[in-house]
Amino acid sequence: MVIIRGATTIASDTKEEIQKAVRELLEQIESRNDLKRDEMVSLVFSSTSDIHSHYPAKAAREAGFESCSLFSAQEPDIEGGLPLCIRTMVFVEKNLTPRHVYLRGAKVLRKDIAGKVNIAIDGPAGSGKSTIAKRLAKDYGILYLDTGAMYRACALKALREHVELTDEAQICDLMRSLDLSVQYTDGVQHTILDGGDVSEEIREPQVSMAASTVSKHKSVRLKMVEKQREIASKMSCVLDGRDIGTFVLPEADFKFFLTASPEVRAKRRYDELVAKGHDVDFEELKQGIIARDRQDMNREFAPLKQADDAVLVDTSSMTIEEVVARVKSLMQEKI
Ligand code: DC
Numbered sequence: 247m248v249i250i251r252g253a254t255t256i257a258s259d260t261k262e263e264i265q266k267a268v269r270e271l272l273e274q275i276e277s278r279n280d281l282k283r284d285e286m287v288s289l290v291f292s293s294t295s296d297i298h299s300h301y302p303a304k305a306a307r308e309a310g311f312e313s314c315s316l317f318s319a320q321e322p323d324i325e326g327g328l329p330l331c332i333r334t335m336v337f338v339e340k341n342l343t344p345r346h347v348y349l350r351g352a353k354v355l356r357k358d359i360a361g362k363v364n365i366a367i368d369g370p371a372g373s374g375k376s377t378i379a380k381r382l383a384k385d386y387g388i389l390y391l392d393t394g395a396m397y398r399a400c401a402l403k404a405l406r407e408h409v410e411l412t413d414e415a416q417i418c419d420l421m422r423s424l425d426l427s428v429q430y431t432d433g434v435q436h437t438i439l440d441g442g443d444v445s446e447e448i449r450e451p452q453v454s455m456a457a458s459t460v461s462k463h464k465s466v467r468l469k470m471v472e473k474q475r476e477i478a479s480k481m482s483c484v485l486d487g488r489d490i491g492t493f494v495l496p497e498a499d500f501k502f503f504l505t506a507s508p509e510v511r512a513k514r515r516y517d518e519l520v521a522k523g524h525d526v527d528f529e530e531l532k533q534g535i536i537a538r539d540r541q542d543m544n545r546e547f548a549p550l551k552q553a554d555d556a557v558l559v560d561t562s563s564m565t566i567e568e569v570v571a572r573v574k575s576l577m578q579e580k581i
């Protein structure tokens, strides 16, 4: 007897959602393990306590899994547990190495079994990308890669070496000797340039526009994108940037494009900088953000753009918690 495990999530507690999710989960278990119906001896389900509308066991029967014994139970409420989740154990009379199946939201939580998950979050400055990306990474226990920090580090290098930012040949030369890496301490990204931690310095306002300017050059982008793809190919991560969904990872599992009005985005940056003790002029900051967006959107190579298959979330009048909840529920709805 072999046991195959599986789990999935539903977007809302309705009979139709439960039927659809259970059918999909069982069909995936069946096909990925090359099973015949009569080899499935018994199906045991548990569902989280927020699911009331239907028995998963009944949904299995309705989906045509009739020859096996079926059982459903409800799980206790566990703090921090994945909501609206259905789990199953399939007892099989066949000698095989089980391929466990984790779908939808459950896929994100069981990356060890489900494989790697890449989440792409793009959008203009101040749209809330990094806040949301950090939260998703923390909640799902995966890596957060701030790709903007990499372009900022390139810009800092150019500023330090007094290289003309718009001079592609000089910047290209500079890139050859670039010593840049990202390291993680307790899940927090540190950007290391020429052996020193520049994580704070790259946040200085003058580095922002410089980063936008150096990131126009194809040679800079290709070098950074290579590093980004390498990281994303090895592990589950949330990446935020401008071109993640369109160019860096067109095959990302989940893609979001966050936006907000220039006014709101400028206010967020203003509050951040003031909290750090910077003396900033709001109007100047807003014009700077608008100019940076324009430059990022209008560059020739891999501009800031919403991928066709990315979900747009306008965060103008949303709190962080609301955006996190929206993004998570969109992830659960997917498939
Ligand atoms: O996200 P940020 O503000 O730290 O990014 C700084 C600049 O870097 C941004 O104005 C454009 C550039 N950038 C980019 O071109 N592509 C990315 N994936 C991330 C940032």
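Whatever position you read off the sequence shown (first residue = 1), add 246 for this note's numbering.
Glycine included, every Cβ here is placed at the ideal spot set by N, Cα and C.
Because the structure is a prediction, the values reported are computed rather than measured.
- Distance between residue 412 and residue 404 (C-alpha atoms, nearest Å): Distance between the alpha carbons of residue 404 and residue 412: 10 Å.
- Task: Can you check the stretch 430 to 462 for any beta strand (DSSP E) of at least 3 residues that lies completely inside it and give the ranges in chain order?
- Result: The qualifying runs are 434 to 439.
- Message: Per DSSP, what are the beta-bridge partners of residue 252 in this structure?
- Response: Per DSSP, the beta bridge partners of residue 252 are 334 and 347.
- Taking contact to mean at least 3 C-beta pairs separated by less than 8 Å, is the stretch 339 to 347 in contact with the stretch 276 to 285? Counting Cβ pairs under 8 Å, three or more are found: they touch.
- C-beta atoms of residue 332 and residue 409 nearer than 8 Å: Cβ distance not < 8 Å, so residue 332 and residue 409 don't count as in contact.
- Message: Please give the ranges of any alpha helix (DSSP H) in the stretch 456 to 529, keeping only runs that are unbroken, at least 4 residues long and fully inside the region.
- Response: List check, alpha helix (DSSP H) in window: 464 to 480 and 508 to 521.
- Can you find a heavy atom of ligand 1 that lies under 7 Å from the Cβ of residue 404? Residue 404 Cβ: outside cutoff for every heavy atom of ligand 1.
- Query: How would you call residue 324, buried or exposed, if buried means at least 16 neighbouring beta carbons within 10 angstroms?
  - Reply: Classification of residue 324: exposed, given that the 10 Å Cβ count is below 16.
- Message: DSSP three-state label for residue 388, please.
- Response: Three-state result, residue 388: coil.
- Query: Is residue 365 buried or exposed, if buried means 16 or more other CB atoms sit within 10 Å of its CB?
  - Reply: Buried, since its Cβ has 16 or more Cβ neighbours within 10 Å.
- Task: Could you tell me which of 304, 298, 299 and 297 sits nearest to residue 290, measuring between CA atoms?
- Result: For residue 290, the nearest C-alpha among the options comes from 304.
- Task: Go ahead and label residue 397 buried or exposed: buried means 16 or more other beta carbons lie within 10 angstroms of its beta carbon, across all protein chains shown.
- Result: Buried, since its Cβ has 16 or more Cβ neighbours within 10 Å.
- Would you mind reading off the limits of the beta strand (DSSP E) that contains residue 367? Per DSSP, residue 367 is one residue of the beta strand (DSSP E) stretching across 364 to 368.
- Out of curiosity, what's the CA-to-CA distance linking residue 482 and residue 351? Each residue's Cα considered, the two are about 14 Å apart.
- Which residue's Cα is closest to the Cα of residue 454: 559, 380, 251 and 393? The residue with the shortest Cα to Cα distance from residue 454 is 393.
- Task: Could you spell out where the beta strand (DSSP E) holding residue 319 opens and where it closes?
- Result: Counting along the chain, residue 319 sits inside the beta strand (DSSP E) bounded by residues 315 to 320.
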